[in-house]
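Here the structure is laid out as structure tokens; the discussion comes afterwards.
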Amino acid sequence: MSAWVIRAGKYGEREDWCLTNGYAGGGFTEIEDLTPFTTREDIKTAYRRCRPSDRAGRVNTNSAQLLILRSAIKVGDLIVLPTKSGAKTIAIGRCSGTYEYLASEPKSQQHIVRVTWEVRDLPRSAVKQDLLYILGGALSFFGAKRNDAGWRIEQLLLHGIDPGSRAATGSGENDDDPEGQDLEAEGIDVVEAARDVIRAFIIESFKGHKLSELTAAILEAKGLTCVVSPPGPDKGIDILAGSGPLGLDEPRLVVQCKSEVGSVGSDVVQKLLGVVGGVTGAQQGLLVAFGGINGPAKQLLNNQQFRIKVWDTDELIDNLLAVFERLDPEIASEIPLQRVWTLSTASE
Numbered sequence: 009m010s011a012w013v014i015r016a017g018k019y020g021e022r023e024d025w026c027l028t029n030g031y032a033g034g035g036f037t038e039i040e041d042l043t044p045f046t047t048r049e050d051i052k053t054a055y056r057r058c059r060p061s062d063r064a065g066r067v068n069t070n071s072a073q074l075l076i077l078r079s080a081i082k083v084g085d086l087i088v089l090p091t092k093s094g095a096k097t098i099a100i101g102r103c104s105g106t107y108e109y110l111a112s113e114p115k116s117q118q119h120i121v122r123v124t125w126e127v128r129d130l131p132r133s134a135v136k137q138d139l140l141y142i143l144g145g146a147l148s149f150f151g152a153k154r155n156d157a158g159w160r161i162e163q164l165l166l167h168g169i170d171p172g173s174r175a176a177t178g179s180g181e182n183d184d185d186p187e188g189q190d191l192e193a194e195g196i197d198v199v200e201a202a203r204d205v206i207r208a209f210i211i212e213s214f215k216g217h218k219l220s221e222l223t224a225a226i227l228e229a230k231g232l233t234c235v236v237s238p239p240g241p242d243k244g245i246d247i248l249a250g251s252g253p254l255g256l257d258e259p260r261l262v263v264q265c266k267s268e269v270g271s272v273g274s275d276v277v278q279k280l281l282g283v284v285g286g287v288t289g290a291q292q293g294l295l296v297a298f299g300g301i302n303g304p305a306k307q308l309l310n311n312q313q314f315r316i317k318v319w320d321t322d323e324l325i326d327n328l329l330a331v332f333e334r335l336d337p338e339i340a341s342e343i344p345l346q347r348v349w350t351l352s353t354a355s356e
């Protein structure tokens with residue numbers, strides 16, 4: 009069984025369509041139906057006919073990607089979609105039907121394989137850094153093989169946690185290399201790769217009570233006054249935050265922090281709702297959870313958008329970066345961030 013990463017647009021514009029309809033693929037809008045073509049040379053010929061101005065290197069890379077979709081992916085193979093829109097999560101499924109050309113769909117939604125999506129919102133915090141790096145390739149379609157990736161992706165599908173590579177025990181990778189899996193080394197989405205490094209550092213460095221300290225520092229940099237509960241039992245209140253010189257003005261927040269890697273459930277959300285309702289003067293709640301919240305918890309919050317806000321790791325990082333220059337120096341010194349510029353990498 010092979011594992012393949014199939015993205016859904018440079019900005020994730022096809023993600024909802026793929027996950028809702030059980031598809032993976034799309035893009036390559038000028039390329040004709042690939043059903044008659046089964047070899048790389050055949051696909052190259054068709055590609056040149058549709059995109060005659062592309063340079064040789066782009067022809068080779070994109071033809072290899074299209075060959076993956078057309079011929080390499082088999083029924084039962086694992087399909088991974090790292091999402092880019094909304095919450096940055098990972099969807100995993102199994103191929104249920106090989107290449108099809110959907111002529112009646114818009115041009116950006118015609119080249120697909122069918123997928124039974126089994127996990128749609130796996131938090132990136134559940135995946136170890138080396139596997140995130142592999143999944144962070146900049147191409148649209150590529151194989152995931154290095155570092156025992158296929159087995160680890162299946163474990164993520166089954167158990168929700170990346171166990172790491174079995175290479176140290178002598179198991180894991182074999183030497184089979186289905187055509188196209190070598191494309192995993194073609195490029196990296198440097199933005200997501202950088203965020204993955206920051207995410208892994210935050211998760212490792214701010215466990216337990218330190219997550220409350222980091223969250224309070226971010227809120228204070230936003231102009232709130234915070235009271236952080238001491239380590240130990242907190243009765244559902246890690247931070248009380250308010251505006252004004254004494255922290256008594258609106259908005260008044262009750263903050264709960266959860267540093268476990270996996271997503272938290274509706275019981276945590278229900279408890280926070282109860283705490284917000286029970287603290288005199290409190291108006292809103294903030295739940296900071298590295299792994300975000302699961303499906304039942306999201307349903308519980310459907311009608312609570314103005315009472316409870318959730319920060320998963322990505323929301324936490326977004327808020328951290330937005331105020332980093334105003335962050336308390338003691339906390340900032342523990343987070344060695346550096347601003348860099350890099351060229352954007354197109355995925356198609």
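With the sequence shown counted from 1, adding 8 to any position gets you our numbering.
Heads up, the beta-carbon is just placed ideally off N, CA and C, and yes, glycines get one too.
Judged by beta-carbon spacing, Gly240 lies beyond the 7 Å limit of Val283, meaning their Cβ atoms are not closer than that value. Out of Thr321, Gly101, Glu49, the CA that lies nearest to the CA of Asn29 is found in Gly101. Here Ala16 is buried, its C-beta having at least 16 other C-beta atoms within 10 Å. With a threshold of 16 other beta carbon atoms within 10 Å, Gly285 falls short and is exposed. Here DSSP, grouped into helix, strand and coil, assigns Ser271 to coil. In this model, Val276 and Ile161 are separated by some 28 Å (Cα to Cα). Partner residues in a beta bridge of Leu254, as assigned by DSSP, do not exist.
The Cβ atoms of Ser71 and Arg57 do not sit closer than 7 Å to each other.
Inclusion of Gln291 and Pro259 in the CB contact set at 7 Å is warranted, their separation being smaller than that value.
When the beta-carbon positions are compared, Leu328 and Ile226 come within less than 7 Å of each other.
For Leu295, the uninterrupted beta strand (DSSP E) run begins and ends at 292-297, by DSSP. In this structure, Tyr109 lies near Gln118, with their beta-carbon atoms less than 7 Å apart. In this structure, Ile81 lies near Cys103, with their beta-carbon atoms less than 7 Å apart.
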